[in-house]
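Scroll down for the structure; my scribbles are underneath it.
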Amino acid sequence: MLFAAPSEHVSNEQPASGKTVRSVLSVHNYYQQAGGEDRVFEGEIALLERHGHRVLRHADHNERLGNGSLGAVRDAVWSASTYQHLKALTRSNTIDVAHFHNTFPLISPSAYYAVQRVGISVVQTLHNFRLVCPGATLSRNGFPCQSCLDRQTLLPGIAHGCYRNSRPATAALSTMLAVHRAAGTYPKRVDVYVASANSGGTNSSKAGFLRIVSLLSLTS
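The sequence shown begins at 113 in this note's numbering and counts up one residue at a time.
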């Protein structure tokens, strides 16, 4: 597992694996309110295609989320429909790399398993601190917050309802994180993590980024 900083340069040169990348699967779960991650996902596809790469898309959208149910919690942990769709997609297409952006809550980490099972390299861009902070921003009520980092548990985030101002929704997200931490999904099912060059811009973001590195290293 490697960490890398993103670059706008795209070429057909061979990566560290020695394999020329020509076909890319780009995966993203759109937010209900369009934001930067959505634009990065679309911009990356346009950039790759301009440079002659073939890009397949797998996207879902939070617009189809209901008011929450046990089924939604289950799918956040393991989406069987995502797994089956990507299993079929990888069976019928030649794909060199799968690049993931947001997978919560509809796509789920089951997507990593579906593509890695056939030997496709998995890349995950870290757009935020979701792996260690239910609210993803390391802030609460407009102030820096490191409660989940300092206590090394997601319980403070659940207590404060840091995801969508909802304790049940935060509990669902935290369940997903806890299950896949225990399963070793994040260090074992992702080959490369891409982090922004300014991920450590503030003390809180430095702590968050270092905690992500520690989490991935300790559970590998």
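Cβ coordinates follow ideal geometry from the N, Cα and C atoms, glycine included.
Distance between Arg323 and Lys199, taken at the CA atoms: about 32 angstroms. In the structure shown, Asn174 adopts helical secondary structure according to DSSP, grouped into three states. Around the beta carbon of Arg242, 16 or more other beta carbons lie within 10 angstroms, which makes this residue buried. Between Thr202 and Ala226, the CB-CB gap stays under 9 angstroms.
Burial check for Gly254: the Cβ neighbour count within 10 Å stays below 16, so the residue is exposed. Shown here, Ala248 sits in coil according to DSSP, grouped into three states, outside any helix or strand.
Close CB contacts of Leu285 within its chain, under the 6 angstroms cut and outside five residues either way in sequence, are with Pro246, Tyr275 (chain order). Note on geometry: alpha-carbon atoms of Gly164 and Ser138 lie some 15 angstroms from one another. Between the segment 205-218 and the segment 146-164 there are three or more C-beta pairs closer than 8 angstroms, enough to call the two in contact. Scanning the segment 182-238 from its first residue to its last, the whole alpha helix (DSSP H) runs of 4-plus residues come out as 182-189, 192-204, 222-228. In this structure, Tyr298 and Leu328 form a Cβ contact; the two beta carbons are roughly 6 angstroms apart against a cut-off of 8 angstroms. For a cut-off of 8 angstroms, the C-beta gap from Gln228 to Arg301 is around 6 angstroms, short enough to register as a contact.
Counting of Cβ neighbours within 10 angstroms places Asp187 among the buried residues, the total reaching 16 or more. The C-beta distance from Gln144 to Glu175 rounds to 6 angstroms, short enough to fall under 8 angstroms.
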